[in-house]
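K.L.:
If you're matching positions, the sequence shown starts at 364 in this note's numbering and goes up one per residue. Pasting a structure here, questions to come.
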Amino acid sequence: RDHELEGARRQAWQLYEAGVDALIVQDMGLLELDLPPIQLHASTQTDIRTPEKARFLQDVGFSQMVLARELDLRQIVAIREQVQQATLEFFVHGALCVAYSGQCFISHAHTGRSAN
Numbered sequence: 364r365d366h367e368l369e370g371a372r373r374q375a376w377q378l379y380e381a382g383v384d385a386l387i388v389q390d391m392g393l394l395e396l397d398l399p400p401i402q403l404h405a406s407t408q409t410d411i412r413t414p415e416k417a418r419f420l421q422d423v424g425f426s427q428m429v430l431a432r433e434l435d436l437r438q439i440v441a442i443r444e445q446v447q448q449a450t451l452e453f454f455v456h457g458a459l460c461v462a463y464s465g466q467c468f469i470s471h472a473h474t475g476r477s478a479n
């Protein structure tokens with residue numbers, strides 16, 4: 364929701380000033396904001412399933428990415444071949460979602476609560 368962005372920007376600066384080392388980001392709209400000079404990490408909710416998306420995230424400044432849980436080893440290798448500067452993480456067991464990672468709008472549809 365667009366009206367949440369200003370609060371997110373303020374919180375990012377407060378966290379930076381408090382000494383937090385990185386922000387875990389899902390919403391690419393945050394990249395348009397005046398963010399502090401802090402590491403950006405892409406969560407599993409970013410839905411990283413392709414080399415192109417991972418490369419984009421690296422190119423816009425993400426230093427760490429949690430890949431989508433649905434990937435197989437061949438897909439992970441393909442992403443690594445395109446992304447050399449960022450750290451890649453992957454879940455090896457547990458917590459599989461009933462939907463694709465990063466597609467968590469059901470809470471908004473069901474309760475009206477923000478998916479962010």
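Glycine included, C-beta positions come from ideal geometry on N, C-alpha and C. These numbers were taken from a predicted model, which means no experiment stands behind them.
#1: Could you tell me the alpha carbon to alpha carbon distance between Ala441 and Glu367, rounded to whole angstroms?
#2: Name, in chain order, the residues that DSSP records as bridge partners for His404.
#3: Val446: which of Arg437, Arg432, Lys416 and Phe454 sits nearest, CA to CA?
#4: Pull up the DSSP beta-bridge partners for Leu451, would you.
#5: Looking at the structure shown, is Ala381 part of a helix, part of a strand, or coil, going by DSSP?
#6: When DSSP labels each residue in this structure, what does Ile439 get in the three-state scheme?
#7: Output the distance between the C-alpha atoms of Ser406 and Leu430, rounded to the nearest integer angstrom.
P.N.:
A quick look at the data gives this:
#1: Position 78 of the sequence shown, counted from the first residue, corresponds to residue 441. Position 4 of the sequence shown, counted from the first residue, corresponds to residue 367. Between Ala441 and Glu367, the C-alpha separation is close to 35 Å.
#2: Start at 1 with the first residue of the sequence shown, and residue 404 comes out as number 41. DSSP, once it has assigned bridges, lists Ile387 and Gln427 as partnering His404.
#3: Indexing the sequence shown from 1 puts residue 446 at position 83. Taking only the C-alpha atoms, the option nearest Val446 is Lys416.
#4: Sequence index remark: in the sequence shown, residue 451 carries index 88 (1-based). When beta bridges are read from the DSSP output, Leu451 appears opposite Met428.
#5: By one-based count along the sequence shown, residue 381 stands at place 18. In the structure shown, Ala381 sits in coil (DSSP, three-state: anything other than H, G, I, E or B).
#6: If you number the sequence shown from 1, residue 439 lands on position 76. Helix, per DSSP.
#7: What you label residue 406 is simply residue 43 of the sequence shown in a count that begins at 1. What you label residue 430 is simply residue 67 of the sequence shown in a count that begins at 1. Distance between Ser406 and Leu430, taken at the CA atoms: about 8 Å.
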